[in-house]
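**Q** For what it's worth, UniProt numbering labels the leading residue of the sequence shown as 1, then goes sequentially.
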Amino acid sequence: MDRIRIVGGAPLKGTIPISGAKNAALPLMIASLLTKETLTLHGMPRLADVTLLGRILGNHGVDITIAGKRAGQSTSDGQTFKLTAAEIVDTTAPYEMVARMRASFWVLAPILARCGEAKVSLPGGCAIGTRPVDLHLVALEALGADIQLDGGYVIAKAPKGLVGNRIHLGKVSVGATHNALMAAVLARGDTEIVNAAREPEVGDLAACLVEMGAKIEGIGTSTLQIQGVPSLHGAEHAVLPDRIETGTYAMAAAITGGDVFLKGARADLLQEALQTLRTTGVEVTEEEGGIRIARNGHGLDAVSVETQPFPGFPTDLQAQLMALMCTARGVSEVRETIFENRFMHVQELARLGARIDLKGDTALVHGVNGLRGAQVMATDLRASVSLIIAGLAAQGETLIGRVYHLDRGFDRLEEKLRKCGAQIDRLSG
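1) Would you check if there are 3 or more beta carbon pairs closer than 8 angstroms linking the region 289-296 to the region 252-260?
2) Tell me the start and end of each unbroken beta strand (DSSP E) in the region 162-242 that is at least 3 residues and wholly inside, in chain order.
3) Under 8 angstroms by Cβ, that's how I've got A109 and A183 pegged, so tell me the actual separation to the nearest angstrom.
4) Name the two residues that bound the continuous beta strand (DSSP E) containing P17.
5) With 16 as the cutoff for other CB atoms within 10 Å, does I66 come out buried or exposed?
6) Pick helix, strand or coil for V284, following the three-state DSSP scheme.
7) Please report the straight-line C-alpha distance between E217 and L240, rounded to a whole angstrom.
8) Only counting the same chain, and skipping five residues up and downstream in sequence, which positions put a Cβ closer than 6 angstroms to that of I356?
9) In three-state DSSP terms, what is V346?
10) What are the boundary residues of the beta strand (DSSP E) that includes K119?
11) Quick one, are the C-beta atoms of L186 and L162 less than 8 angstroms apart?
12) Quick one: residues in its chain with C-beta nearer than 7 angstroms to the C-beta of A176, no 5 flanking neighbours on either side, listed in chain order?
13) Are the beta-carbon atoms of D316 and T337 separated by less than 8 angstroms?
14) If we ignore side chains and look at the alpha-carbon of each, how far apart do P11 and Q308 end up?
15) Thinking just about the alpha-carbon of each residue, which of G164, G330, A323 and N369 is nearest to the one in A383?
16) Determine whether the beta carbon atoms of D49 and K22 lie at a separation below 8 angstroms.
17) Please list, in chain order, all residues of the same chain as E96 whose beta carbon is under 7 angstroms from its beta carbon, the five residues on each side excluded.
18) Could you give the C-beta distance for T246 and L270, rounded to a whole number, given that I count them as a contact under 8 angstroms?
19) Within the 8 angstroms Cβ cut-off, does E348 reach chain B?
20) Buried or exposed: G125, going by 16 or more other Cβ atoms within 10 Å of its Cβ?
21) In terms of residues, what are the limits of the alpha helix (DSSP H) holding Q271?
22) When you compare only the Cα positions, how much space is there between I4 and A214?
23) Can you tell which of A390, T379, A197 and A235 has its C-alpha closest to the C-alpha of A312?
24) Which one of S173, D242 and E211 has the shortest CA to CA distance from S222?
25) For E415, report the span of its alpha helix (DSSP H) as first-last.
26) For R335, which option in T327, V303 and G353 has the closest C-alpha, if you only look at C-alpha atoms?
27) Excluding the five sequence neighbours on either side, which residues of its own chain have a C-beta within less than 7 angstroms of the C-beta of F410, listed in chain order?
28) Within the continuous beta strand (DSSP E) that includes A80, where are the two ends?
29) How would you label D242, buried or exposed, when you count the other beta carbons within 10 angstroms and need 16 or more for buried?
30) For V334, which of helix, strand or coil comes out of DSSP?
31) Secondary structure at D259, three-state DSSP: helix, strand or coil?
32) Within this structure, are the beta carbons of residue 446 and A85 separated by less than 8 angstroms?
33) For Q395, I'd like the list of residues in its chain whose CB is within less than 8 angstroms of its CB, leaving aside the five on either flank, ordered along the chain.
34) Roughly how many angstroms separate the alpha carbons of I424 and E397, rounded to a whole number?
35) Taking the beta carbon of V89 as the centre, do at least 16 other beta carbons fall within 10 Å, making it buried, or is it exposed?
36) With E37 as the anchor, note down where its alpha helix (DSSP H) starts and where it stops.
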């Protein structure tokens, strides 16, 4: 099992290219199930989850080709995927596949919408909480689907097709909004999705569906209006830049007292997180083609933050912010309102010298003068990268185990950090 070794203390200086967003790329790939024609996606990140979802979609009959590198391109430009689901050959998504990646549960809606039936394994729990799928099922039932649960599987049927209706999501859910949207675009009549997630990745999926011939209004708002169409066609779409990767590298630059240009980053996708960084004393400058993050000699100030659905502070940056606040002046308060069990990085940060008290859904981070390298273990994707951030600032050597979590969500992380002066390498075996 691979580990990552960091010798901390070096400020990051240089340019980091921001990859396409994983949380947009996955639902965009799944949207290929909605049409017989080819969906071309540009700027796809090189991630383990993207590769795995490609295998899962192949099981349903999706042919995927990945274009080779063109003249003048570098690995930072992302990949081009061509996905063609001329025929859906299998309407079942088995447990052994869905259990490996929760996002694969989203195949339920497009397969049901196109084939009139789908059998998809329940994803079960995961490391950061239960994340139930009941909202997904309520949405599909509202569109006329017959839903049965049997042997750990969702069996959905709509032999005469789905019918438009009003869907009210009782809780803001990105996944349920994805599923409701992909079902509604092929339903007969009009659908209204109320309390829809406003995350940019939902908007990116909606924009791609419109390019495929869907009729959607209210993109970017909490109410989506969909006029169903009989079929969708092929399209070309560029994946939006990853706001979580942007925020992660911004915090890495901040904790090391560096000066980094995040090439391709879009400030409108994470205004709340950037404002939080400014509050800590970090310079955040929007420039042509990206965002510059700098902290030259200024100490970090403590902040109080609570995670919220977009446009609030993202839960996927909570662990990274906590790592940053470990060396801030004063006491920071970080409240997690989205997921339970999302403080598992705290005990590992403590091994590096952090002082963090947990009180229910709130962490009190007492700033310390400095962190010290140690051997630590990643527990999930965002927790693992928070340890990278802390390790970059810690004196001495930090060894991080279970880094396969990182490969699920960060495209060539060590390479990007090394080019900015970090002493970081991967140890195999």
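Using N, Cα and C, we set each Cβ at its ideal position, and we do this for glycine too.
**A** Put simply:
1) These segments touch.
2) The qualifying runs are 166-168, 190-194, 215-217, 223-227 and 235-238.
3) Rounded, the Cβ-Cβ distance is 4 angstroms, consistent with contact.
4) Counted as a single uninterrupted DSSP element, the beta strand (DSSP E) harbouring P17 occupies residues K13 to P17.
5) It is exposed - the Cβ of I66 has fewer than 16 other Cβ atoms within 10 Å.
6) Correct three-state label for V284: strand.
7) Rounded to the nearest angstrom, the two C-alpha atoms are 19 angstroms apart.
8) Closer than 6 angstroms at the Cβ level, and outside the excluded window around I356, lie V346, A363 and V365.
9) DSSP places V346 in the helix class (H, G or I) of the three-state scheme.
10) Residues E117 to S121.
11) Yes, these two residues count as a Cβ contact at 8 angstroms.
12) So the list reads L135, H136, A139 and L169, once near-sequence residues are dropped.
13) The answer is no: Cβ separation not under 8 angstroms.
14) Going by the C-alpha atoms only, they are around 31 angstroms apart.
15) Here the closest residue by C-alpha is A323.
16) Taking 8 angstroms as the Cβ cut-off, D49 and K22 qualify as a contacting pair.
17) So the list is empty, once near-sequence residues are dropped.
18) 6 angstroms between Cβ atoms; contact.
19) The chain inventory of the structure shown lacks chain B, comprising one protein chain alone.
20) Reliability fails at G125, whose pLDDT of 48 lies under 50, so the model's placement of it is uncertain and the value that follows must be treated cautiously. Flag for G125 reads exposed.
21) Here the alpha helix (DSSP H) through Q271 covers Q271 to T279.
22) C-alpha separation (whole angstroms): 44 angstroms.
23) One detail in the question is off: residue 312 reads as Gly in this sequence, not Ala. Measuring from the Cα of G312, the nearest candidate turns out to be A197.
24) Taking the Cα of S222 as reference, the smallest distance to any Cα among S173, D242 and E211 is reached at S173.
25) From DSSP, the alpha helix (DSSP H) with E415 extends over L413 to R418.
26) When each option's Cα is compared against that of R335, the closest is V303.
27) Listed in chain order, the non-local C-beta contacts of F410 below 7 angstroms within the same chain comprise E245 and V385, local neighbours out to five positions each way being set aside.
28) The identity of residue 80 in the sequence shown is Thr, whereas the question assumes Ala. That run of the beta strand (DSSP E) goes Q79 to T84.
29) Label assigned to D242: buried.
30) In the structure shown, V334 sits in a strand (DSSP, three-state: E or B).
31) Look at D259 here: in three-state DSSP terms it is strand.
32) Examination of residue 446 is not possible in this model, given that the chain is present from 1 through 429 alone.
33) Within the same chain, and ignoring the five residues on either side of Q395 in sequence, the residues whose Cβ sits closer than 8 angstroms to its Cβ are G8, G9, G370, L371, R372 and G373.
34) If I take the Cα positions, the gap works out to 10 angstroms.
35) So V89 ends up on the exposed side.
36) Neither: E37 is in no alpha helix (DSSP H) and is coded neither H nor E.
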